[in-house]
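Chains as they are written, first to last, in this note's numbering: chain F, 1 to 451; chain E, 1 to 451; chain U, 1 to 451; chain R, 1 to 451.
Every residue, glycine too, gets a C-beta built ideally from N, C-alpha and C.
Small disclaimer: the values here were computed from a predicted structure and weren't measured.
Data block below; observations after.
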């Protein structure tokens, strides 16, 4: 294991993405290919049985595979060679039919599709877990007032539950997108040397359909050796999820700053320093930020690799092999960490309440301005309040006091009313309706069975 | 006009993406906002009428807008200021209600959404035109045999129509994706200062719904000031389209190489050189390649900008303003050029036929190998043919002749049969079935009304 | 003018990067080419004089250039055509020698080199201005104590001048790099159709040397049509500068947050909101962040474009034309804005001092730990302080008080000493020596003449 | 070992980049830190001896390190903890002084610097080997004529040695850049918690200087915790090298296309297909293309990570840990493969000569045009030749014959002269002078000792 894997990766996902798992899927492809071909009468029934029987990891010699990959430019050729030897050892005749009519890219891409589909399911699971924690936070903190901030400056009040509801909304969008992705793009790759399935005369379509069924994949109209949309689609889906998760982690670290202190990561034994005794660094959020920062570059690589030459490309195809699993690994771990982060999040409502007041009322100036605007016009009200806020700051007074002593204000707004304008609970607009809408959407969403 | 715009851009699209068009949409937003607010009883009916009447480009002073954008960090503030002045000139009371309850990002994002939706429609039109030409090429060349190439080497025969059918399949996928994008993400942005619609107490939802209707947009559950999925989604859709178009252009230039010469760009007066009289450079394909090469970096920028701070971000939001339209412009022009490229493409079937033979039969070695494999096993057949191809190359003989004089072959395959194995028309596998499937999909696809 | 240009661009730089300036440099190339060729006896003296005389912008028809660029794939061919016509009008014989022996890429690349060199000079000027303001801030605030922050958490004390000194150090590194870039890579491009200067028999080298001299450029050993290091080098230099500027802007916005309030942008009339009267957003820093966020993607594009085909590429070369100037424009404007930002920066030393104390002494825990470590060992001291900081937080006491009542501490550190450990001025380590070293480096650096 | 490592990686480099090597360098840092501190009188002499003695890999528990990295956000904290325990076991007093005054980032960054420096040396070695093979090819093929190609179309003749000379020129530039990088940026990282070296009062500078000496690193004016230029510089250097290597590999695969066949990869047993017996795919070039395609995205990530917060960042710093070694690994392996590729390259001069003639003389049209231009003017000559080339193509005649029968030509150019214009050896311009200049530069370049 790599030392940083517990920080940057998610173990369950790493198993799905392992080399062994890829080789297993490649062997599964070869087994199902033989069976589909036997069913179509292309190869003898018995050959298929023998081939399928040999399709286990223990027929492979890993060192020889590595050698072969370097000599051949992909791992399929030596895998097929080794499998053929293994079959030959038990049934020389059957060995004649291993990998019949397929090309290296057929088995490599299909195995990767299965691996990515399984990985996406793991990620969907973590995303769903994240949704659950966001739902809980929303329910609990729907009335927890705090400063809304724009441009990193206090704007107007909001609630913490409204913030988490918006996160929930965005994450649900991404969950649906991944589910849809798996539904649409769990595609068999099968075209033979140049996508024509030439080795089967016109019978290739039947073999393809049966093979897809056997592997529980969709059978596309045509092989996609040089049409990389299926893999590029996964890359961009993960790119969007990554941006969504990073936003959450980013807000958490900003709200955990020493001066803000409205949130903290859970887990008191985490985030120490090698030299500063008081430190409690936001380690989990940091891992999310780190992973997600690396994603856009990898997405760009997947897009750059799309224009592959003629029937099958060189270099560009190869560049996907490590890039896509890396993307999946980073974003999946970010999802896992995000679920943990929000599950154990420390929320400090009192501090949120206090921070609302650190500007001595400036955060309520929009509220007052809108109240006045109905009387004296929006522009005039805005100007009046702008002057008052500057005055309050310069004289180190509360904005409420400054306004209470200004007849241009008091003419239109009496004392009680003014006081109410400085109550954040009175200026929450549609937050509660929106929260209800998002929670109801969460409640009604189908419990996605792995797709 | 910029001198390179006719090379790199598509005029119709540039008009949609123009600054004037953005400002017009911003004014439309303000007009419809006022009307929706009047309908909800938030502002006086008459004020809305006056405001809407003033929402025309001629109320704007461009220099002052530019000044304002620099001072305020966005163009909305001075636009609202100028609009307010214009309204005040005709009805001072109405001026009080301009931009009521909205924030700068509401008007900027919504105007951009409309602009991008209209732009996507233009692109969809070009993509559909491209599909039409690909369909025509497919129908015309479904039997036009040529060399299939993998790793930039001859592989086995295919047909040109099979190649264009696969392009058609990929481009139709992208067309559907863009249509779906417009359907899903033509979203109103409306949340006020911090997304809470606080200025409306709890009435904001009604205003939002009415405003969305007025602008013919969808009304999301919540504003998406800091959830950039809607714009990032467009970026990645265009990234995928770009890769798809680039693949087409890439194949065209490869097949247009002097030594290959199976294709050429149409338009004989194009692509000359400043010094070489014989030159006819593939200018249109080059413009596509150039535009598309620039796309992945821009997509990465859009993804990097996603994690925006708190309720509304700084810097990251701003970085979208020029990046997304640039992406749209480049990919849209690439689509336009691709439609032109394929429409005027010169196809040389005779040369395709000739090139099939330049390896003196090597391209048919898989066909022979599969024929033999049934007799002597796949591995043995592969090995036998491998030796024969090397022998043919070294002795500068045709592979057919080498094989015809090898008793290990002739034992299993007689002369006529051998001859047939060197006929590309006999080794096209599923190409025709696939072409039919794709053409039928093309025929049946709904004539997408602009969505 | 584009409305956002005053926000995102720097006018002086935009003039250097304008289309007119590029065309002027292209005409200058043609003039100097003719003169160099006349000097070498390749073309008649008089022809050169006539050609040079015609090399002015007014011989060009912009619409026809745009048409030509679209038809030919670059602007040089029609520019040469138009120039040839203009020369022919005054001296038909001289017209025979326009652009003699050169290829389109020679004139386009060379003109771009000159433009980029001039642009880099402008940027160097802004960077130098930024260095000056950073120097002033360093001198003024070298003793201004504030919280040092790591992982967005308070760490130990530092001074604001120490922070700006480090910024100065980084920016000086970048300045030197740009100067060196201009010295190394202000290269003539001149190779003819395929880089061989074939049109000159073996005399091309002399023409090249003379042409380089005339244009005040370096003459490389060989043309670099398909070796894009010179332009890619500029791109990465700007990428590094961008990261450096973005770090400065990022720190400014973080220190300007409402809760931190240690810095603010100057210019009180800037950064308002369309709806919130109290708002004063950090507009200049935002423009820097926005511009710099867009840079890595553009750098990636320039690197992706490097592997150009054979003697001169297609698509990849073209993709540089808009990408590199865009990079230069964005980073140059960021440098300009950064100089302005730091020049007008509001610094609040009192608030810095206050923020040091908001953790009630926790920020001094490392200082105490090191004092104790000499007595009881580092690990034990670290552990003891860790417990004490948790205790202080839970009991809402000052760390100093907690420690003063702990005999395990007082055994080793008496009251006065303990007090001194909570004085930030006593824990500044090497800050002043470092500041001196950086200031002295600033003082001694050569006043770079434009290179 | 990963199965694709022999294809995509370079074993020697992987050892340098291994986890063990990083941990060893971290321990070396701690040992030298203790010794430098003892020399400065900061810690007891004996403590330093004991600490240094314990700084070996066998004191580390890898599982616990992995656990620690996940809990602390970096591996240094648990490494220091484990080292402290190990020292305590032999000398409890000495254990008090482990990691004295340093912060996690000091040891992590410094260890990475050493690792990257050593890795860069390995890469420089491969680059030098590549230069040697390019030099040999240049010497051997300086007169080997072939078609120069622009826009993937035949342009004018060149020689293969001229092509490799230009590659050599570019690669030498990159070699010098890497050497210079190691000279400039082999920097100690040492600043303590916030870069102030506060734990040493004012004595930190002396410790730093001594520590740098001990580790054979440069001692910068100030620590660079949040100034990531040193690592970003390495990233961009590798980005430029990557583009340079990719161009070489790209040209090789283009010239190896079935229809071109002027080059082939050496190693006849490589590059087979799982289904096509005749296949010999360019595997080594493909690995280079694949690795290099992945580089720009990683460079963008390193640039995006530059703006780190305050004294030390979160997320962005962490994102470098895997990204930079990955970059180094990919580009280093590409350099290794490129040296192999060019060393074993099969060059077919006869085919190059034949391909020059496949356009039946069109490739010589510029030569004829320049000869005529002296008589009838360049534009007229260009036009005349343009017509002639079209005529030759349409009538399927040789251009030479078409011209020989055109009195407008024969009036100015007699038969012998015309013949000479169709001899590629007569139209090589400055190629030989340029080759000499580049070879002489190669010969004179200092045999860089590892820097």
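Beta-bridge pairing of residue i - partner residues as DSSP gives them
i	result
residue 154(F)	149(F)
residue 121(E)	The partner list for residue 121(E) (beta bridge, DSSP) is empty, contrary to what the question assumes.
residue 388(F)	Paired residues: none, contrary to the question.
residue 187(F)	218(F)
residue 264(E)	346(E)
residue 159(F)	145(F)
residue 312(F)	150(E)
Interface partners of residue i on chain R, CB under 8 Å
i	result
residue 148(U)	193, 194, 195, 196, 310, 311
residue 495(E)	Here chain E has residues from 1 to 451 only, and residue 495(E) is not among them.
Where residue i meets chain F, residues with beta-carbon distance less than 9 Å
i	result
residue 326(U)	Those within 9 Å of residue 326(U) in chain F number zero; the least Cβ separation is about 17 Å.
residue 67(R)	6
Distance CB(residue i)-CB(residue j) smaller than 8 Å
i	j	result
residue 30(E)	residue 90(E)	no
residue 192(F)	residue 201(F)	no
residue 259(F)	residue 281(U)	no
residue 165(E)	residue 435(E)	yes
residue 327(R)	residue 293(R)	no
residue 176(F)	residue 97(F)	no
residue 324(U)	residue 352(U)	no
residue 254(F)	residue 309(E)	yes
residue 101(F)	residue 138(F)	no
Beta-carbon neighbours of residue i, restricted to chain U and to distances below 8 Å
i	result
residue 321(R)	By Cβ distance, chain U contributes nothing, its closest Cβ being about 15 Å from residue 321(R), past 8 Å.
residue 317(F)	Correct list: empty, because the minimum Cβ distance to chain U is about 17 Å.
N- and C-terminal bounds of the alpha helix (DSSP H) containing residue i
i	result
residue 431(U)	431 to 444
residue 251(U)	229 to 255
residue 401(E)	399 to 404
residue 12(E)	11 to 16
Listed by chain order, chain U residues near residue i by CB distance under 7 Å
i	result
residue 99(E)	274
residue 425(R)	Per Cβ cutoff of 7 Å: no residues; residue 425(R) is ~11 Å from chain U at best.
residue 250(R)	307, 309
Under 8 Å by beta carbon: chain F residues contacting residue i
i	result
residue 186(E)	Chain F residues near residue 186(E): none, gap ~15 Å exceeds 8 Å.
residue 347(U)	None at all; the shortest Cβ gap to chain F is about 17 Å.
When the options are compared against residue i, the one with the closest alpha-carbon
i	options	result
residue 430(F)	104(F), 159(F), 19(F), 321(F)	159(F)
residue 348(R)	405(R), 379(R), 252(R)	252(R)
residue 136(F)	182(F), 439(F), 445(F)	439(F)
Closer than 7 Å at the beta carbon, the chain R residues around residue i
i	result
residue 2(F)	19
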